[in-house]
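Chains as they are written, first to last, in the working numbering: chain R, 121 to 236; chain C, 91 to 202. Backbone N, C-alpha and C fix where the C-beta goes; we use that ideal spot for every residue, glycine too. All figures in this text were calculated on a predicted structure; none of them were measured in a lab. This report concerns only the one structure given below.
Following this line, the structure appears as structure tokens:
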């Protein structure tokens, strides 16, 4: 598609429950990025993929967070045993390969995760 | 890692005035500097970007300047309109890493 598609728009979980978020990148884009935005500011980088391979996971809290991008499936971000501080908007972004145009990140509309 | 600082955190201007938002970055290897506009409850939208081999770029009412030596870059919006009201984020990245490091955002309010 022409837009990064994220589902669901809203997700409510009780503390300790699992949360799974999905992202379909723009067709033809080979890089996918996940960001966490807390309180409408401070974008925190979590992880990036080049096709189905992890490209950079330096921001990922590995104890409870995991992510995958499998061929012919939406990418996913999963949080095991959610905590109150995981409440945030999770944005997915995608970009093309190469330099020049490849640096431009296009964002999805986000998933608002509320942990109660 | 890269650190991007952004100022001011809030900015209020009268319609028609200019607005300037400034960012500094720490990693001298950074070579790509986009600006995003985020309206309430919406996704960040790329409004302008600049690469390190260019000192200035303009697109209608918005312009970005880059000073590589001082490691800072600025967003300039002229003839502001109420629809410019939003949160603006600067960011930086470098070839190879690709992930953007964002500033903390500037809430711009344009008073009619």
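Distance, residue 180 of chain C Cα to residue 194 of chain R Cα: Using only the alpha carbons, I get a separation of about 28 Å.
For residue 136 of chain C, the three-state DSSP class (helix, strand or coil): Three-state result, residue 136 of chain C: strand.
Do residue 213 of chain R and residue 225 of chain R have their beta-carbon atoms positioned less than 8 Å apart in this structure? Going by C-beta atoms, residue 225 of chain R is nearer than 8 Å to residue 213 of chain R.
Taking Cβ positions only, does residue 139 of chain C come closer than 8 Å to chain R? Output row for residue 139 of chain C: interface = yes.
Along chain C, which residues have their Cβ under 9 Å away from the Cβ of residue 176 of chain R? For residue 176 of chain R, the chain C residues whose Cβ falls inside 9 Å of its Cβ are 187, 188, 189, in order along the chain.
Roughly how many angstroms separate the alpha carbons of residue 113 of chain C and residue 156 of chain C, rounded to a whole number? The alpha-carbon of residue 113 of chain C is positioned some 10 Å away from that of residue 156 of chain C.
Select from C/172, C/198, C/177, C/183 the residue whose C-alpha is nearest the C-alpha of residue 106 of chain C. Here the closest residue by C-alpha is C/172.
With DSSP collapsed to three states, give me the class of residue 172 of chain C. Under the three-state reduction of DSSP, residue 172 of chain C is assigned to helix.
Roughly how many angstroms separate the alpha carbons of residue 190 of chain R and residue 144 of chain R, rounded to a whole number? Here the C-alpha atom of residue 190 of chain R lies approximately 11 Å from the C-alpha atom of residue 144 of chain R.
Could you work out which residues of chain C lie near residue 161 of chain R, taking near to mean beta carbons separated by less than 8 Å? Neighbours of residue 161 of chain R in chain C, taken as residues whose beta carbon is under 8 Å from its own, are 177, 194, 195 in chain order.
Go to residue 133 of chain R, then tell me how far its beta strand (DSSP E) extends in each direction, as first and last residue. Where residue 133 of chain R is concerned, the enclosing beta strand (DSSP E) stretches over 130-133.
Closer than 9 Å by beta-carbon distance: list the chain C residues that pair up with residue 165 of chain R, in chain order. Chain order gives the chain C residues near residue 165 of chain R as 189, 190, 191, 192, where near means a beta carbon separation below 9 Å.
Let me know the secondary structure DSSP gives residue 205 of chain R once reduced to three states. Residue 205 of chain R falls in the helix class under three-state DSSP.
Beta-carbon neighbours of residue 116 of chain C, restricted to chain R and to distances below 9 Å: Those within 9 Å of residue 116 of chain C in chain R number zero; the least Cβ separation is about 15 Å.
Give me the chain C residues within the contact set of residue 141 of chain R, using Cβ-Cβ distance strictly less than 8 Å, ordered along the chain. The contacting residues do not exist; residue 141 of chain R stays about 14 Å from chain C at best.
Here's the rule: buried if 16 or more other CB atoms are within 10 angstroms of the residue's CB, otherwise exposed. What is residue 188 of chain C? It is buried - the Cβ of residue 188 of chain C has at least 16 other Cβ atoms within 10 Å.
Chain-ordered neighbours of residue 183 of chain C on chain R, where CB pairs are closer than 9 Å: One finds 223, 225 in chain R with Cβ atoms closer than 9 Å to the Cβ of residue 183 of chain C, taken in chain order.
Proximal residues to residue 122 of chain C (C-beta, below 6 Å), its chain only, five neighbours per side dropped: Same-chain partners within the cutoff: 141, 183.
Interface positions of the segment 151-171 of chain C facing chain R (Cβ-Cβ less than 7 Å), listed along the chain: Within the segment 151-171 of chain C, no residue has a Cβ that lies closer than 7 Å to any Cβ of chain R.
Could you check if residue 206 of chain R is buried or exposed, using at least 16 other CB atoms within 10 Å of its CB as the buried criterion? Counting every other CB atom within 10 Å of its CB across the protein chains shown gives residue 206 of chain R a total of 16 or more, marking it as buried.
Give me, in chain order, the residues of the same chain whose beta-carbon lies closer than 8 Å to that of residue 122 of chain R; leave out the 5 immediate sequence neighbours on both sides. 146, 147.
Could you check whether the Cβ of residue 211 of chain R sits closer than 8 Å to any Cβ belonging to chain C? At a cut-off of 8 Å between C-beta atoms, residue 211 of chain R counts as an interface residue with respect to chain C.
Inter-residue spacing [alpha-carbon to alpha-carbon] between residue 151 of chain R and residue 216 of chain R: Taking the straight line joining both Cα atoms gives about 6 Å.
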